[in-house]
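Report on one structure; see the data block that follows.
Protein chains in written order, with the numbering used here: chain A, 1159 to 1566; chain D, 8 to 112.
Right, dumping it as structure tokens:
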């Protein structure tokens, strides 16, 4: 066994956790929100990128430094198998990407427009679509899920003559379930329906081949599993003409024209890029490639399975989904609110998790009546020791959860 | 959410005192003893016995009214000048403002 796969030899006993000294550094289990720590090469890339004036074709007479934008585009394109590189567009984050794509897709479509999404989706999808529904620009159908999955047959059954678009998550940020977008995309394309996939939780966690997946646009964020820093994200767009640009401005090219250039990537990118962020994103993706995404996925699977097995030992711990595809474990403990569990984990055990609705209200309406849950989410930098300690801490809280008293 | 640094470690007596003004729940075997005080529509306090910090979550809409009351509660306990009749009178006064702001009555 490798050094990351020997859980039992650490001797973590849930009866002893409280009396043990917690690890000296914070145990960070909130990687589905933003990953931490970052690989040292990412921090180095940010520092390096700011050590010289930024270099971008058409934006400076200087020739020093690296073209981080082009570099990041090439790296992302290869990593996602999403060619050509100019079809990878950079934005501020996944929410920004989704807004650009949804608004851009809808902007020139008049008349009855029916759109599909799912109850698994994040507010980055749900809020734009509900706003457009409120403005009577679309009719919206939210598809249910069962055991973490949206059934492709349910998608097909929901298609109407006026269905033009489906926007859906690739991996649930609450349940960790990865959707069958290959099957769903094939069904949608058979009906001429456009598919935008929110890959905020999957890019960097699982191998992706966007050239063969039947998706029209795939959205990613830089600061989660791709190990970049906040303020970076983007999307891959198969057919640039399918989406109308809704953001305009300087590109450093074709500056005499008062209209947005139509070529890629300028069609969708205006204004000064986040050079340090894109340098970090390129470094983060290269780090993943160095380690190997299959290696990353394998360890995550092993650690997630261990954590779930441990939590299942306590009868008052309720897992929201017991076989996630991503390293995301969501649970509640009977007798104690999820917010209290998060507070106790942080203060008594030094474990940072996330509690509440995770910006996915419809998932929680289904799984816990909307009260929310505790989420633990792992990354490549999560050690087996940290996983074992966290499992012991949660079990210890659960063992004492039914002892609630009201002092007189 | 705000975090308050206290002069002295939290005690069970402190939460017993808070119990006059709202609901206290405790998990005495979790950590060194997890305690939570909730005054509906005002604020919630969480902390561990022996710790010198508490986390306070205010109801944002009425925070302007209730923050002063929290300071008053903490100061009264720290100084040992806990005249419950005075505290209760102040609680009623703030309560009227909170109700009026939140519910218009």
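Think of the CB as a built atom: it goes at the ideal place given N, C-alpha and C, for glycine as much as any other residue.
With 16 other Cβ atoms within 10 Å as the buried cut-off, status of residue i
i: residue 1171 (chain A); result: Per-residue confidence for residue 1171 (chain A) stands at a pLDDT of 40, beneath the threshold of 50, marking its modelled position as unreliable; no derived number is given.
i: residue 27 (chain D); result: exposed
i: residue 1209 (chain A); result: exposed
i: residue 106 (chain D); result: exposed
i: residue 1528 (chain A); result: exposed
i: residue 1535 (chain A); result: buried
i: residue 1340 (chain A); result: exposed
i: residue 1397 (chain A); result: exposed
i: residue 1320 (chain A); result: exposed
i: residue 1445 (chain A); result: buried
i: residue 20 (chain D); result: exposed
i: residue 1268 (chain A); result: exposed
i: residue 1282 (chain A); result: buried
i: residue 1554 (chain A); result: buried
i: residue 1558 (chain A); result: buried
i: residue 1406 (chain A); result: exposed
i: residue 1447 (chain A); result: exposed
i: residue 3 (chain D); result: Lying outside 8 to 112, the shown extent of chain D, residue 3 (chain D) is not represented and no answer is given.
i: residue 1488 (chain A); result: buried
i: residue 1481 (chain A); result: exposed
i: residue 1416 (chain A); result: exposed
i: residue 1399 (chain A); result: exposed
i: residue 12 (chain D); result: exposed
i: residue 1211 (chain A); result: exposed
i: residue 1222 (chain A); result: exposed
i: residue 1384 (chain A); result: buried
i: residue 1187 (chain A); result: buried
For residue i: DSSP bridge partner residues
i: residue 1531 (chain A); result: A:1514
i: residue 1186 (chain A); result: A:1510
i: residue 10 (chain D); result: D:62
i: residue 70 (chain D); result: Residue 70 (chain D) pairs with nothing; no bridge assigned.
i: residue 1387 (chain A); result: Note: residue 1387 (chain A) sits in no beta bridge, so no partner.
i: residue 1307 (chain A); result: A:1304
i: residue 1249 (chain A); result: A:1391
i: residue 1646 (chain A); result: Only positions 1159 to 1566 of chain A appear in this structure, which leaves residue 1646 (chain A) out of reach.
i: residue 55 (chain D); result: D:41
i: residue 1494 (chain A); result: A:1491
Segment limits, alpha helix (DSSP H) that includes residue i
i: residue 1285 (chain A); result: 1281-1292
i: residue 1257 (chain A); result: 1252-1264
i: residue 1200 (chain A); result: 1198-1207
i: residue 1397 (chain A); result: Segment: none, residue 1397 (chain A) is in no alpha helix (DSSP H) and carries neither H nor E.
i: residue 1548 (chain A); result: 1542-1558
i: residue 92 (chain D); result: 91-110
i: residue 1317 (chain A); result: It is not in any alpha helix (DSSP H) - residue 1317 (chain A) carries neither H nor E in the DSSP assignment.
i: residue 1519 (chain A); result: 1519-1525
Chain-ordered neighbours of residue i on chain D, where CB pairs are closer than 7 Å
i: residue 1502 (chain A); result: 37, 38, 41
i: residue 1555 (chain A); result: 37
i: residue 1483 (chain A); result: Within 7 Å Cβ-Cβ: nothing; residue 1483 (chain A) doesn't reach chain D, min ~32 Å.
Span of the beta strand (DSSP E), counted from its first residue to its last, around residue i
i: residue 1240 (chain A); result: Note, residue 1240 (chain A): premise wrong, no beta strand (DSSP E); not H, not E.
i: residue 1326 (chain A); result: 1321-1327
i: residue 1490 (chain A); result: 1486-1491
i: residue 1297 (chain A); result: 1297-1301
Partners in chain A for residue i, counting only beta-carbon separations shorter than 9 Å
i: residue 3 (chain D); result: There is no way to answer for residue 3 (chain D), as the model of chain D reaches only from 8 to 112.
i: residue 67 (chain D); result: None at all; the shortest Cβ gap to chain A is about 16 Å.
Within chain D, partners of residue i - CB distance below 9 Å
i: residue 1559 (chain A); result: 34, 37
i: residue 1480 (chain A); result: Residues of chain D passing the Cβ test: none, with the nearest at roughly 25 Å.
Chain A residues whose Cβ lies nearer than 8 Å to that of residue i
i: residue 10 (chain D); result: The premise fails here: residue 10 (chain D) is roughly 10 Å from chain A at the closest Cβ pair, so nothing lies under 8 Å.
Per-residue contacts from residue i into chain D (C-beta, under 8 Å)
i: residue 1494 (chain A); result: 34
Contact list for residue i against chain A, beta-carbon separation under 7 Å
i: residue 62 (chain D); result: 1501
i: residue 55 (chain D); result: 1505, 1506
Proximity test, residue i beta-carbon vs the ligand PLP heavy atom, cut-off 7 Å
i: residue 1390 (chain A); result: The ligand PLP is absent from the structure shown, which contains no ligand whatsoever.
Quiz item: Which whole runs of the beta strand (DSSP E) in the segment 25-53 of chain D are 3 residues long or more, in chain order?
Solution: 30-34, 41-46
Quiz item: Going along the chain, which unbroken runs of the beta strand (DSSP E) with 3 or more residues stay wholly within the segment 1320-1384 of chain A?
Solution: 1321-1327, 1352-1356, 1375-1379
Practice problem: Write down every uninterrupted run of the beta strand (DSSP E) in the segment 1414-1481 of chain A whose length is 3 residues or greater and which is fully enclosed by it, in chain order. | Solution: 1475-1477
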